[in-house]
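Quick note on this note's numbering: the sequence shown kicks off at 1 and runs consecutively.
Beta carbons: idealized from backbone N, C-alpha and C, even for Gly.
Predicted model only: the values in this text are computed from it and were never measured.
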Amino acid sequence: MSQSRLSTAIADGMIALPSGNISLMRPSATYDVSALPRDDIRIVHGFYPDVAAWQAAGYDVRQDLQQSAVAIVVVPRSKALARAMVAEACAKAEFVIVDGQKTDGVDSLFKSCRKILGDLPSIPKGHGRIFWFAATDAFAAWTAPAPAKGPHGYFTSAGVFSDGAVDAGSALLAEALPAKLPARMADLGAGWGYLAAPVLARDGVKSLDLIEAEALSLQCAKLNVSDPRVHFHWADATQFDGSGYDGIVMNPPFHTSRASDPSLGRSFIQAAARLLAPHGKLWMVANRHLPYEATLTECFRNVDMIAGNGAFKIFHANRPQR
């Protein structure tokens, strides 16, 4: 197997790591750390599935970046979050490495960094790029602001799904909900909490669990939702340890990278069937092109498409099959 960009840069002597802690910021669970001294590695992450994987592998994992000799920014899909991570790395480390895929915007970030710092060493490899530089305060303007209320009236922050506007699919799902909902409800993949208000406004709801894997999103949800009936869970919805819900709403994610990955939505459907009581009901929105019907009929005895438009379809399902 070919070496990763990081391993290549270190093995070829292009990067000489200073001694001390090495903080990896938001690496996927499969990110190659074989070239790094294991005892020096600190994982900094807020996405629960990756956090759980790194913890299971025995690494020190935390949500906040501490002072480090080296900070490795693993470029996320969000441009604003990527820039904020570079600024934070420069503020907390002596040496900064940036590594990412072209599909996640690493080349655009590289050009922006070169515009500020001038020419930078880099290695383009494996449909991505790695580059590095000594920490500097030149990126202070990229620092992420605290979560702020947008024109839609909700708090969001860099890196959360649909940070600039209410997601059209979620809005359509909210409109399709019946006037009365079951007592014990959950929202799988709750994001920054948009669906909470329309769910709580329905008759019959006594409790609502918001289950969200991204800590940045859950932080915003806690600012957006203050109803005492709500409980917040930082967790992977597909692995969440719970049961007996009377009703579930969800707008499941369908990207693990830039590419569409319907298997993620299918995992959400399977989780909903597992988490619901035998009499439980599911309300779900999906992009119209995603093939979820077969999984829904495998997991529920009754499935109906109750609303939709050219972009989305709304499903109601009940009587989960174990």
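Quick one: using the 10 Å Cβ neighbour count with 16 as the cut-off for buried, is residue i buried or exposed?
| i | result |
| --- | --- |
| Q323 | Not covered by the structure: residue 323. The range shown for the chain is 1 to 322. |
| E214 | buried |
| A93 | buried |
| F315 | buried |
| K313 | buried |
| G145 | For the record, residue 145 in the displayed sequence is Pro; it is not Gly. Exposed, since its Cβ has fewer than 16 Cβ neighbours within 10 Å. |
| M305 | exposed |
| G189 | buried |
| A273 | buried |
| A11 | exposed |
| A87 | buried |
| K281 | buried |
| W283 | buried |
| L325 | It is not possible to answer for residue 325, since the shown part of the chain is limited to 1 through 322. |
| H289 | exposed |
| D241 | exposed |
How many whole angstroms separate the CB atoms of residue i and residue j, which I take to be in contact at a CB cut-off of 8 Å?
| i | j | result |
| --- | --- | --- |
| A56 | D236 | Their Cβ separation, rounded to whole angstroms, is 12 Å, which puts A56 and D236 out of contact at 8 Å. |
| A82 | G105 | 7 Å |
| H231 | S207 | 7 Å |
| G195 | S170 | Residue identity check: residue 195 is Leu in the sequence provided, not Gly. Between S170 and L195 the Cβ distance is about 6 Å, and since that is below 8 Å, they are a contact. |
| V285 | L109 | 32 Å between Cβ atoms; not a contact. |
| A168 | H152 | At roughly 12 Å, the Cβ-Cβ gap does not stay under 8 Å, so A168 and H152 are not in contact. |
I'd like to confirm the pairing. Which residues does DSSP put opposite residue i in its beta bridges?
| i | result |
| --- | --- |
| V70 | I22 and F95 |
| G128 | Q101 and K125 |
| K149 | F155 |
| Y245 | L276 |
| V199 | Its beta-bridge partners do not exist; DSSP assigns none. |
| A186 | D209 and I248 |
From what residue to what residue does the alpha helix (DSSP H) around residue i run?
| i | result |
| --- | --- |
| E293 | E293 to C299 |
| I116 | V106 to L117 |
| A221 | A215 to N224 |
| W54 | Y48 to A56 |
| I15 | From DSSP, I15 is part of no alpha helix (DSSP H); its letter is neither H nor E. |
Less than 6 Å between C-beta atoms, sequence neighbours within five positions excluded: which residues of the same chain meet that for residue i?
| i | result |
| --- | --- |
| R258 | In this prediction, R258 scores a pLDDT of 46, lower than 50, which makes its location untrustworthy; no coordinate-derived value is stated. |
| R42 | N21, S23 and D60 |
| L65 | S23, V44, E88 and K92 |
| M85 | M25 and V73 |
| W54 | I43 and V61 |
Tell me which residues share the same chain as residue i and place their Cβ nearer than 8 Å to its Cβ, disregarding the 5 neighbours each side in the sequence.
| i | result |
| --- | --- |
| I123 | R5, T8, A9, M14, R129, I130 and F131 |
| Q270 | T238, T295 and C299 |
| S157 | A144, P145, A146, P147, A148, D163, L216, Q219 and C220 |
| T136 | C90 and L117 |
| A16 | none |
| G204 | K180, L181, P182 and A183 |
Could you spell out the range, first to last residue, of the beta strand (DSSP E) harbouring residue i?
| i | result |
| --- | --- |
| E212 | S207 to E212 |
| A384 | Past the edges of the chain, shown from 1 to 322, lies residue 384, and the structure says nothing about it. |
Quick one: residues in its chain with C-beta nearer than 7 Å to the C-beta of residue i, no 5 flanking neighbours on either side, listed in chain order?
| i | result |
| --- | --- |
| G265 | P252, F254, A286, L290 and Y292 |
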